[in-house]
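Before any comments, here is the structure.
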Amino acid sequence: MGVLPEGDAPPADGLLPEHARRGAEARDFGIYIHIPFCTVRCGYCDFNTYTPGELPGLSQDDYPHRVFEELDLAAKVLEASGVHSRTVDTVFIGGGTPTLLAPHTLGQMLRRVESHWGLSDQVEVTVEANPDTLSAKSLADLAAQGVTRVSVGVQSFVPHVLSTLDRTHTPESVPAVVRAAADAGLQVSLDLIYATPGESAADWQESLDRALELEPDHISAYSLIVEPGTALARRIRRGECEQIDDDTQAEFYEQADATLSAAGYQWYEVSNWSRRPDALSRHNLNYWLGGDWWGIGPGAHSHVGGVRWWNVKHPLAYQERVDRGESPAQGREVLDEHTRWVESVMLGLRTRQGLSTKALSDHYPPARQILRDALEAGWLDADAFAVDRVELTRAGRLFADGLSARLTGG
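Number 74 in the working numbering belongs to position 74 of the sequence shown; there are no gaps in the numbering.
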């Protein structure tokens with residue numbers, strides 16, 4: 001599993017420095033709630049999740065009470081820090097597999113958020129789910145609890161690809177789930193993974209085509225990252241399957257963008273496409289634009305006004321701290337102005353909203369020539385550039401990380 005950053009020891013009271021509080025009421029505010037349970041561990045997964053036998057001493061029935069306790073703590077810390085009148089714009093319940101918990105339980109979490117901060121009139125409430133944990137009844141129940149959006153982890157519509165990823169659902173189970181979600185009035189996002197060992201361009205095209213047939217509101221497509229220590233990494237090391245090279249991954253990305261664009265989906269972040277402006281993930285966009293959010297649960301990260309912190313990773317350690325009435329935060333980082341600017345460039349460049357050409361060049365004069373070179377290379381949209389906006393082309397998105405490093409002097 002991924003390792004948490006080092007950081008500094010957070011203050012015992014968790015209070016935010018004065019500069020982080022300044023203007024907080026005017027910024028969007030999201031809540032992320034982590035559910036660390038899965039029925040099985042997928043071979044590629046490096047997330048902070050656990051199967052039932054891995055967590056003696058913590059049950060799915062008891063866990064929600066710890067979420068409530070940390071939500072209570074978050075409200076106290078913000079109030080004591082002088083941050084008042086925050087309304088929650090987005091809630092994202094992720095994992096893990098949140099839909100292993102009953103819709104009523106997830107609804108109780110949402111009610112606790114609402115009781116502390118209130119929900120905006122247009123609140124977006126997203127729940128992640130695996131297809132085989134959803135039914136017409138559970139989707140209707142989620143909608144009745146105030147959920148507005150489900151993010152369904154389809155990953156692939158090709159059986160041998162699903163098998164390599166150790167997914168437990170079948171391609172045939174997905175259409176009924178999408179129809180039932182739409183019938184319940186929920187927006188639907190389908191999450192896909194490409195460049196799985198053994199996946200061909202034809203396989204990837206089949207997944208894209210079958211996803212589009214279902215007309216979801218939103219599609220995410222991420223290149224598979226083989227994380228050290230996972231079962232898939234061990235299989236590759238033993239020579240049982242072969243990792244797909246970078247050039248082929250780039251071709252798969254271009255294939256995805258061409259297919260989705262032709263079907264009327266617009267990219268708004270390198271790995272995310274939406275059918276309509278109101279169907280993008282506002283919660284994730286808040287991350288990419290450097291907004292404020294509080295992460296609840298083991299290993300969850302938070303950010304408010306340039307202060308970033310993260311909770312202890314193991315659920316039992318998290319449980320012990322919360323039960324003692326202590327903050328579960330393990331480390332904290334107060335970002336200086338330069339670091340905040342670097343991150344705003346790195347993340348903003350990945351979005352269609354892009355960056356201001358003038359602002360970049362004024363802050364870092366060498367950026368003028370770097371941007372001209374990128375425009376000549378075909379990495380930047382010429383029409384956007386003409387009106388002072390840096391927007392990556394399809395080709396440019398393949399080089400987003402390298403370009404952002406150059407634009408910030410890295």
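Backbone N, C-alpha and C fix where the C-beta goes; we use that ideal spot for every residue, glycine too.
Does the Cβ of residue i have 16 or more other Cβ atoms within 10 Å, making it buried, or fewer, making it exposed?
{"i": "D203", "result": "buried"}
{"i": "S156", "result": "buried"}
{"i": "I225", "result": "exposed"}
{"i": "V178", "result": "buried"}
{"i": "E269", "result": "buried"}
{"i": "E18", "result": "exposed"}
{"i": "Q122", "result": "exposed"}
{"i": "D247", "result": "exposed"}
{"i": "G437", "result": "Since the first and last residues shown for the chain are 1 and 410, residue 437 lies out of range."}
{"i": "A221", "result": "buried"}
{"i": "S85", "result": "exposed"}
{"i": "V113", "result": "buried"}
{"i": "E376", "result": "exposed"}
Would you report the Cα separation of residue i and residue j, rounded to the nearest angstrom?
{"i": "H301", "j": "R234", "result": "28 Å"}
{"i": "P315", "j": "V88", "result": "25 Å"}
{"i": "P36", "j": "K358", "result": "44 Å"}
{"i": "V345", "j": "L162", "result": "36 Å"}
{"i": "Q106", "j": "A80", "result": "In the sequence as displayed, the identity of residue 106 is Leu instead of Gln. The alpha-carbon atoms of L106 and A80 are separated by roughly 27 Å."}
{"i": "M1", "j": "D383", "result": "Any reading at M1 must be qualified, since the residue scores a pLDDT of 47, below 50, and its modelled position is unreliable; no value is offered."}
{"i": "V150", "j": "A144", "result": "13 Å"}
{"i": "P5", "j": "C241", "result": "31 Å"}
{"i": "G239", "j": "G229", "result": "15 Å"}
{"i": "L360", "j": "L407", "result": "8 Å"}
{"i": "E254", "j": "A395", "result": "8 Å"}
{"i": "V91", "j": "H283", "result": "7 Å"}
{"i": "T339", "j": "Q369", "result": "22 Å"}
{"i": "P175", "j": "R210", "result": "9 Å"}
{"i": "Y287", "j": "W293", "result": "8 Å"}
{"i": "L139", "j": "T126", "result": "12 Å"}
{"i": "G402", "j": "Y194", "result": "21 Å"}
{"i": "D62", "j": "L101", "result": "11 Å"}
{"i": "L335", "j": "L355", "result": "20 Å"}
{"i": "D141", "j": "D183", "result": "12 Å"}
{"i": "H34", "j": "G297", "result": "5 Å"}
{"i": "A279", "j": "I219", "result": "10 Å"}
Where does the unbroken alpha helix (DSSP H) through residue i begin, and where does it stop?
{"i": "D246", "result": "D246 to A262"}
{"i": "G348", "result": "E337 to G348"}
{"i": "A195", "result": "From DSSP, A195 is part of no alpha helix (DSSP H); its letter is neither H nor E."}
{"i": "V312", "result": "Segment: none, V312 is in no alpha helix (DSSP H) and carries neither H nor E."}
{"i": "V161", "result": "P159 to T164"}
{"i": "S361", "result": "T357 to H363"}
{"i": "S200", "result": "Counting along the chain, S200 falls outside any alpha helix (DSSP H), and DSSP gives it neither H nor E."}
{"i": "V178", "result": "V174 to D183"}
Can you give me the start and stop residues for the beta strand (DSSP E) that residue i sits inside?
{"i": "R86", "result": "From DSSP, R86 is part of no beta strand (DSSP E); its letter is neither H nor E."}
{"i": "D121", "result": "L119 to A129"}
{"i": "L145", "result": "Sequence check: residue 145 is Gln here, not Leu. Note, Q145: premise wrong, no beta strand (DSSP E); not H, not E."}
{"i": "A24", "result": "Per DSSP, A24 belongs to no beta strand (DSSP E) and is neither H nor E."}
{"i": "R332", "result": "A329 to V334"}
{"i": "D465", "result": "Not covered by the structure: residue 465. The range shown for the chain is 1 to 410."}
{"i": "H283", "result": "Segment R282 to W288 is the alpha helix (DSSP H) holding H283; no beta strand (DSSP E) there."}
{"i": "Q266", "result": "Q266 to E269"}
{"i": "S274", "result": "N272 to S274"}
Could you check which residue in the options has the C-alpha nearest to that of residue i?
{"i": "G409", "options": "V342, G299, H19 and R352", "result": "V342"}
{"i": "G43", "options": "L232, L192 and D72", "result": "L232"}
{"i": "V67", "options": "R389, Y318 and G290", "result": "Y318"}
{"i": "A263", "options": "P216, Q108 and D62", "result": "P216"}
{"i": "A129", "options": "L347, W273, A26 and I93", "result": "I93"}
{"i": "A12", "options": "W309, L214, D373 and P277", "result": "W309"}
{"i": "S120", "options": "P98, G146 and C38", "result": "G146"}
{"i": "G7", "options": "A329, L403 and E199", "result": "A329"}
{"i": "V154", "options": "H363, D257 and T170", "result": "T170"}
Against chain C, does residue i count as a neighbour if the rule is that its beta carbon must be under 8 Å from one of theirs?
{"i": "H218", "result": "No chain C appears in the structure shown, which is made up of a single protein chain."}
With hydrogens ignored, establish whether the beta-carbon of residue i is closer than 7 Å to any heavy atom of the ligand GDP.
{"i": "M109", "result": "Of the ligands one can find in the structure shown there are none, so the ligand GDP has no counterpart to examine."}
Taking only runs of the alpha helix (DSSP H) that begin and end inside the stretch 45-106, which ones reach a length of at least 4 residues, in chain order?
63-80
Whole runs of the alpha helix (DSSP H) within the stretch 218-242, excluding any shorter than 4 residues
231-237
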